[in-house]
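Per UniProt numbering: the sequence shown = residues 1 to 426.
Just so you know, even glycine gets a beta-carbon here, dropped at the ideal spot from N, CA and C.
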Amino acid sequence: MQQQKDIMIRVRNVKKKYKIGQIGGGTLRGDLQSWWARKCGKEDPNTLIGTDQRLVGTTFMALNGVSFEVYKGEAVGIIGSNGAGKSTLLKLLTHVTAPTEGDIDLYGRVASMLEVGTGFHPEMTGRENVYLNGAILGMTRAEIDAKMSEIIEFSEVGDFIDTPVKRYSSGMYVKLAFSVAAHLDSEIMIMDEVLAVGDMKFQKKCLGKMRQAARRDGKTVLYVSHNMATIRDLCDRCIVLDQGKIIFDGDVDTGIALYLAAKAQSGNFLDYSDYKRESWCQCDDLRIRNVRFGAESIEALERSEPVRLEMTVDARKSTDSIGLRFEVRDEVGAPLATSCLYGLRMNAGENHLNVEYDLSMLSPAQYNTYFTLFAIGEGGGHSDEDCVPGPRFGMVDTYSDKQIEWNARHWGFIQLPDAKLLPEQE
1 MQQQKDIMIR VRNVKKKYKI GQIGGGTLRG DLQSWWARKC GKEDPNTLIG
51 TDQRLVGTTF MALNGVSFEV YKGEAVGIIG SNGAGKSTLL KLLTHVTAPT
101 EGDIDLYGRV ASMLEVGTGF HPEMTGRENV YLNGAILGMT RAEIDAKMSE
151 IIEFSEVGDF IDTPVKRYSS GMYVKLAFSV AAHLDSEIMI MDEVLAVGDM
201 KFQKKCLGKM RQAARRDGKT VLYVSHNMAT IRDLCDRCIV LDQGKIIFDG
251 DVDTGIALYL AAKAQSGNFL DYSDYKRESW CQCDDLRIRN VRFGAESIEA
301 LERSEPVRLE MTVDARKSTD SIGLRFEVRD EVGAPLATSC LYGLRMNAGE
351 NHLNVEYDLS MLSPAQYNTY FTLFAIGEGG GHSDEDCVPG PRFGMVDTYS
401 DKQIEWNARH WGFIQLPDAK LLPEQE
């Protein structure tokens, strides 16, 4: 049982309301109906079925009654779909904005990085910005001087530390900003998914530093990411947000599985006509419109049978050298296997693909999937054009003559062919 003194963050019934551009519903009668429904705590009768119920008249409830506590030394991952309220929560915790209702108590100095260059003045040099951030945290110049060499070395921007940061690339911004947040004397670190801007080597170094901060230095870490493998590796607790509310707070693997299950498509026909792509996927030259699986039920696909599907792709213009990537991931989103189709030509307009996959090496278990269209470049390079989540499916081995039941969680999700006993050599 954690003691009261160990609590570093306490959030109690926090709500955040934003005003939106809509003014009135068009009629006095409709506005009165909506007002009375809100007054009685009922659903607005003038909203369309399927409308986000956080839209209340001229306001939007970004967070709606969020409560949790975080203890010293905990590394807590916060996950959820786009618009779930993750960034709003971090802005409240870092006092960028204030809650409409509820209380937030922080027991320690907070170092945060919510977006590239947060807290940096573009006209000041990297060194001057380090002093500025340290002063904001309440550190003396002598304390900052003691950390300066370590900050510069970790950030890998040593030759440019006395250059105005407005001349930095986004990667240099991230490296210095993270180094400042990680090394200055703060008890709480709050990180949004800005590490995705840095290179892979630096990302690994940052994750190692955050892991060390929580487990060895006793700092409290809050980390928001869409990378489930990172959440699983770094965090020992997971909070899942959905439409401004906490729907899960506990074990990391359970939270990730719940999030991915809610995000995954279901059924053997998937329509992506209205699917909102991630921010990085803004090119509209190629779009996956829908996918239909040949099997009536994808909850129990036979390992011995090939998986067939039909896909419709919309193309803005005729394009050669297109590939299709079918990614298979485990229950918490870690990549397991990929099958690619190369050399496709997409004609302007509607294109139909009939594809067959051999998934017999997958062991009996539950899986998540993604479909990605990519353009093939020279020298093995490629660029992803469209990416959508596929269905959550299950593999079974009804006709197996094996004598034991496969344990995917402990033995692995790839079931290799059985070994053969060779005769003894004479």
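Can you tell me where the beta strand (DSSP E) with aspartate 105 in it begins and where it stops?
Element bounds for aspartate 105: 101–106.
What are the start and end residues of the beta strand (DSSP E) that includes asparagine 13?
Run containing asparagine 13: 7–19, per the beta strand (DSSP E) assignment.
Which value, in whole angstroms, describes the spacing of the CA atoms of arginine 303 and leucine 359?
Approximately 6 Å between the Cα atoms of the pair.
Nearest CA to the CA of proline 417: which residue from Met361, Gln425 and Lys175?
If we check each option's Cα against that of proline 417, Met361 comes out closest.
Determine the DSSP secondary structure at glutamine 22, reduced to helix, strand or coil.
For glutamine 22, the predicted model reports a pLDDT of 48, less than 50, meaning its position is unreliable and no value from the coordinates is stated.
Bridge partners for asparagine 351 per DSSP, in chain order?
BP columns for asparagine 351 point to Val313.
Could you name each continuous alpha helix (DSSP H) segment of 4 residues or more that falls completely within the stretch 351–419, going from the start of the chain to the end?
Fully enclosed alpha helix (DSSP H) runs of 4 or longer: 408–411.
Can you tell me the Cα-Cα spacing of isoleucine 256 and isoleucine 79, whole angstroms?
If I take the Cα positions, the gap works out to 8 Å.
Is serine 29 helix, strand or coil when you go by DSSP?
Checking the sequence shown, residue 29 turns out to be arginine, not serine. Three-state result, arginine 29: helix.
Considering only residues of the stretch 167–234, which uninterrupted beta strand (DSSP E) runs meet the minimum length of 3 residues and lie entirely inside it, listed in chain order?
The qualifying runs are 188–191 and 220–224.
Looking at the secondary structure, which residues open and close the alpha helix (DSSP H) in which lysine 86 lies?
Lysine 86 -> alpha helix (DSSP H) spans 86–93.
Which partner residues of aspartate 236 appear in the DSSP bridge assignment?
Looking at the DSSP assignment, aspartate 236 forms no beta bridge with any residue, so it has no partner.
In this structure, how does DSSP classify glutamine 3 when only helix, strand and coil are distinguished?
Any reading at glutamine 3 needs caution, since the residue's pLDDT is 46, under 50, leaving its predicted position unreliable; the model's value is listed next. In the structure shown, glutamine 3 sits in coil (DSSP, three-state: anything other than H, G, I, E or B).
Might you give, ordered along the chain, the residues of its own chain that have their beta carbon closer than 7 Å to the beta carbon of alanine 213, omitting 5 neighbours on each side?
If we look at alanine 213 and ignore the five residues flanking it on each side, its Cβ neighbours are Ala182, Met189, Lys219 and Val221.
Compute the distance between the beta-carbons of alanine 84 and leucine 324, then report whether it is under 8 Å.
In this structure, leucine 324 does not lie closer than 8 Å to alanine 84 by Cβ.
Going by DSSP, what residues sit across from tyrosine 71 in a beta bridge?
Tyrosine 71 pairs with Ile7.
Tell me where the beta strand (DSSP E) around leucine 132 begins and ends.
Looking at the DSSP string, leucine 132 is not in any beta strand (DSSP E); the run it does join, the alpha helix (DSSP H), is 126–136.
When the Cα atoms are used, what is the spatial distance from glycine 294 to lysine 317?
Cα to Cα, glycine 294 sits roughly 29 Å from lysine 317.
Tell me whether alanine 334 sits in a helix, a strand or coil according to DSSP, three-state version.
Coil at alanine 334, not helix or strand.
Out of Val11, Gly381, Asp320 and Glu385, which one is the CA nearest neighbour of leucine 92?
Ranking Val11, Gly381, Asp320 and Glu385 by Cα distance to leucine 92 puts Val11 first.
When you compare only the Cα positions, how much space is there between tyrosine 357 and lysine 205?
Roughly 37 Å separates the two Cα atoms.
Output the boundary residues of the beta strand (DSSP E) element that contains glutamate 327.
It spans 319–329 - the beta strand (DSSP E) in which glutamate 327 sits, taken as one unbroken run.
Suppose contacts are defined by Cβ-Cβ distances below 8 Å. Is phenylalanine 68 in contact with isoleucine 246 by that definition?
Yes; because the gap between Cβ atoms is below 8 Å, this pair is in contact.
By the DSSP assignment, the alpha helix (DSSP H) with alanine 146 in it spans what residues?
Unbroken alpha helix (DSSP H) run through alanine 146: 141–155.
Alpha carbon to alpha carbon, what distance is there between serine 169 and threonine 125?
One C-alpha to the other measures close to 14 Å.
Output needed for aspartate 384: all residues of its chain with C-beta closer than 6 Å, excluding positions within five of it in sequence on either side, in chain order.
Excluding residues within five positions, the ones whose Cβ falls inside 6 Å are Thr372 and Phe374.
On the criterion of 16 or more Cβ atoms from any shown chain inside 10 Å, does arginine 215 qualify as buried, or is it exposed?
When all chains shown are included, arginine 215 counts as exposed.
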